Every structure is written in C-alpha cells, then in structure tokens.
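Asks:
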Amino acid sequence: MTPQRDASCIFCKIIGGEVQAREVFRDNEIVAIEDANPQAPTHVLVLPQEHVANASSFSNRASAESIARLFSKAAEIGRERGPNGYRIVINEGGEGGQTVDHLHLHVLAGRHMRWPPG
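Residue numbers (my numbering): 3 to 120.
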C-alpha cells in the first residue's frame, strides 16, 4: 500500500523523490534525511512516509506504534552519530517551532546542548 501524501508538503515531495535531500535511512514507513539548515554538526530529521501533520494527529494504537518506531529510529541514529550524547526534539505548532506541517523528529548531536534550548 502506498502511503498517503500531501502534494503541497515539502517532506512528502522529498519522500516521493520530487525534491532532493541527503537521505540517511529509508524503509517502507520511515525516511530520515539530513536537515537542510543544520543547527548542530549532526542534524537529522526522521519522518513518517505517511503524511501526518503533527504529533497531535496521532489518536489510536496504530499511531502509537508508528510514533514508537519513529522514536526508535531517531534514537538509533542518535547513538550512531552522537556517541557522547544527542537530543531528540519534536516541534508542535507555530509557537512550538514547527515550520513544516509534516511530523518529524529532529536528532541533534556533535556539540554540547544547552538548556533552555531557545
């Protein structure tokens, strides 16, 4: 089954091969790409192939399993690329810093992370 996509979504276009990005990982559910505007030496975005606008869109058990797989892949990338530590972030909504309405996890590593982040 082909994942549902939004024709106006830049991440859906990347997943569909219409827009280029440096791919880190791909399977039938998840794509991970290098961030085009990295905020750390390692900055990878982990996203579902299915268009999901944000974390609030998840509402059932299947969705919980999908977010668990996304988080697991993000953690795997974090361990590989940030052996001394890494950060996983989900931005939700405009005030939360979400700039693309397609759920994605940021994996940041390669420098000392500070708190608060923004």
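By construction, the Cβ of each residue, glycine as well, lies at the ideal position given by its N, Cα and C atoms. Predicted model only: the values in this text are computed from it and were never measured.
Nearer than 7 Å: is that true of the beta carbon of histidine 45 relative to any heavy atom of the ligand SAM?
Replies: Ligands are entirely absent from the displayed structure, and the ligand SAM is therefore not among its contents.
Asks: Which residue's Cα is closest to the Cα of aspartate 8: Thr44, Gln51, Ile32 and Pro85?
Replies: For the purposes of this step, residue 8 is identified with residue 6 of the sequence shown, where counting begins at 1. That would be Gln51, whose Cα lies nearest to the Cα of aspartate 8.
Asks: Please classify valine 21: is it buried, with 16 or more other beta-carbons within 10 angstroms of its beta-carbon, or exposed?
Replies: The residue given as residue 21 occupies position 19 in the sequence shown. With fewer than 16 Cβ atoms within 10 Å of its Cβ, valine 21 is classed as exposed.
Asks: Give the C-beta separation of histidine 53 and glutamine 100 to the nearest angstrom, bearing in mind that I take them to be a contact with Cβ-Cβ under 8 Å.
Replies: Counting from one through the sequence shown, the residue named residue 53 turns up at place 51. Counting from one through the sequence shown, the residue named residue 100 turns up at place 98. Actually they are not in contact, since the Cβ atoms of histidine 53 and glutamine 100 sit about 14 Å apart, beyond 8 Å.
Asks: So for alanine 76, helix, strand or coil by DSSP?
Replies: Position 74 of the sequence shown, counted from the start, is the residue given in the question as residue 76. The answer is helix: DSSP assigns alanine 76 an H, G or I state.
Asks: Taking the alpha helix (DSSP H) that isoleucine 17 falls in, what are its first and last residues?
Replies: To locate residue 17, count along the sequence shown from 1; it is residue 15. Residues 12–17.
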